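Asks:
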Amino acid sequence: MPTVRATIKPNSRKGPLVETLGDGSLQLYVRPPAVEGKANKAAIELLAEHYGVPKSAVRLVAGATSRFKRFEVDL
Numbered sequence: 195m196p197t198v199r200a201t202i203k204p205n206s207r208k209g210p211l212v213e214t215l216g217d218g219s220l221q222l223y224v225r226p227p228a229v230e231g232k233a234n235k236a237a238i239e240l241l242a243e244h245y246g247v248p249k250s251a252v253r254l255v256a257g258a259t260s261r262f263k264r265f266e267v268d269l
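Read in order, the letters of the sequence shown are residues 195 to 269 in our numbering.
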C-alpha cells in the first residue's frame, strides 16, 4: 500500500488537477472549499481518478486539517 504525500489547494479555479512536484509529492487542485471536509473528499475522488482505483481504495491517513496530507492508495 503506497503512501502518497500531497499538498491541497482548495477553492482552485485551476482544478480539478494533479501535478507531480520535484520531490515526488503531488499538488492537488480542487474546487471545493476547505470547509466541513469538502476539499478532503474532493482530493480523495481526484486521487482515485488519477490512479484508476475506486474511491474506497484511497484513505486519508494524516493531515485532515492541514494542507499537507498523506494518503494510502490500494493499487
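Even glycine gets a Cβ: it sits at the ideal position worked out from N, Cα and C. Being a predicted model, the structure only gives us computed values, none of them experimental.
(1) With hydrogens ignored, establish whether the beta-carbon of Val247 is closer than 7 angstroms to any heavy atom of the ligand FMN.
(2) Taking the alpha helix (DSSP H) that Leu269 belongs to, which residues open and close that run?
(3) Return the residue from the list Leu241, Glu213, Ala258, Glu266 that minimises the CA-CA distance to Ala228.
(4) Go ahead and label Asn234 buried or exposed: buried means 16 or more other beta carbons lie within 10 angstroms of its beta carbon, across all protein chains shown.
(5) What three-state label does DSSP hand Ala200 in the structure shown?
Replies: To lay it out plainly:
(1) No copy of the ligand FMN appears in this structure; indeed no ligand is present at all.
(2) As a position in the sequence shown, residue 269 is number 75, starting the count at 1. Here Leu269 belongs to no alpha helix (DSSP H), and DSSP marks it neither H nor E.
(3) The residue you call residue 228 lines up with position 34 of the sequence shown. In terms of CA proximity to Ala228, Ala258 leads the group Leu241, Glu213, Ala258, Glu266.
(4) On the sequence shown, position 40 is the one that residue 234 refers to. Buried, because 16 or more other Cβ atoms sit within 10 Å of the Cβ of Asn234.
(5) Residue mapping note: residue 200 aligns to position 6 of the sequence shown, counting from 1. Looking at Ala200 - three-state DSSP - the assignment turns out to be strand.
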